[in-house]
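**Q** For any residue, its number in my numbering is found by taking its place in the sequence shown, counting from 1, and adding 139. Ideal Cβ positions, reconstructed from N, Cα and C, are used throughout, including at glycine. Quantities reported herein were computed from a predicted structural model and do not represent experimental measurements. Pasting in a structure now, in structure tokens, and then I'll have a few things to ask.
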Amino acid sequence: MSSETSYSPEGLRKVAKEIRALVQGDAMRPFNNLKRVFPECGDFPLANWLDRRVLDRADGCALHAERFKAALTAMADRLSLIADEFERVDGENAAEVAKLLGEIKATAEDKYPTSLVRNPDDEKDDDKKDDDEKDDEDK
Numbered sequence: 140m141s142s143e144t145s146y147s148p149e150g151l152r153k154v155a156k157e158i159r160a161l162v163q164g165d166a167m168r169p170f171n172n173l174k175r176v177f178p179e180c181g182d183f184p185l186a187n188w189l190d191r192r193v194l195d196r197a198d199g200c201a202l203h204a205e206r207f208k209a210a211l212t213a214m215a216d217r218l219s220l221i222a223d224e225f226e227r228v229d230g231e232n233a234a235e236v237a238k239l240l241g242e243i244k245a246t247a248e249d250k251y252p253t254s255l256v257r258n259p260d261d262e263k264d265d266d267k268k269d270d271d272e273k274d275d276e277d278k
């Protein structure tokens, strides 16, 4: 199991676009055509019953498609929003971290002047021989 989580705002937006494409344009035409179904099975009791059943099923299927379209559109909208929010939060977090690091550095420099901080480059001149004056502190 990975210890890191990653995401791609572009990937989320691509998925959102593909979801929207499922219910746009010609994709909904067959369901819209169901709204114009007017069966004429005849003029006797069984035919009238069948007319009502066909209309009921056509209307139900068209309504189901509309609800499905609304659900997929909402899902696509949320994915786009998630991508936007992740980018915004990442940007804000990066700015906040940079600000905090600057404050930490300023505080450290105030409390610990650079003259108190050992510089590794200064130690290169020290030959570590105890009989010279360069390393009196080493004795």
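Beta-carbon within less than 7 Å of L225's beta-carbon, same chain only, minus the 5 sequence neighbours each way: which residues are those?
**A** The sequence given here places Phe at residue 225; Leu does not occur at that position. Correct list, in chain order: Y146, P148.
**Q** Report the residue from R217, K238, E205, W188 whose alpha carbon sits nearest the alpha carbon of K156.
**A** Of the listed residues, the one whose Cα sits closest to K156 is R217.
**Q** On a CA-only basis, which of L151, F170, V236 is nearest R206? Give me that one, please.
**A** Answer by Cα proximity: F170.
**Q** Could you check what DSSP says for G164 in three-state terms: helix, strand or coil?
**A** Helix, per DSSP.
**Q** Report the start-end ranges of each alpha helix (DSSP H) in the segment 178-222 that is 4 residues or longer and not cut off at the edges.
**A** Correct list: empty.
**Q** Taking only the alpha-carbon atoms, compute the straight-line gap between L240 and H203 and give it to the nearest angstrom.
**A** Rounded to the nearest angstrom, the two C-alpha atoms are 54 Å apart.
**Q** Do F177 and L194 have their C-beta atoms closer together than 9 Å?
**A** In contact: F177 and L194 (Cβ atoms closer than 9 Å).
**Q** Nearest CA to the CA of V154: which residue from A215, A209, R191?
**A** The shortest C-alpha separation from V154 is found at A215.
**Q** With DSSP run on the structure shown, which of helix, strand or coil describes E286?
**A** Not covered by the structure: residue 286. The range shown for the chain is 140 to 278.
**Q** For I221 versus L151, is the C-beta distance shorter than 9 Å?
**A** Yes, they are a contact pair.
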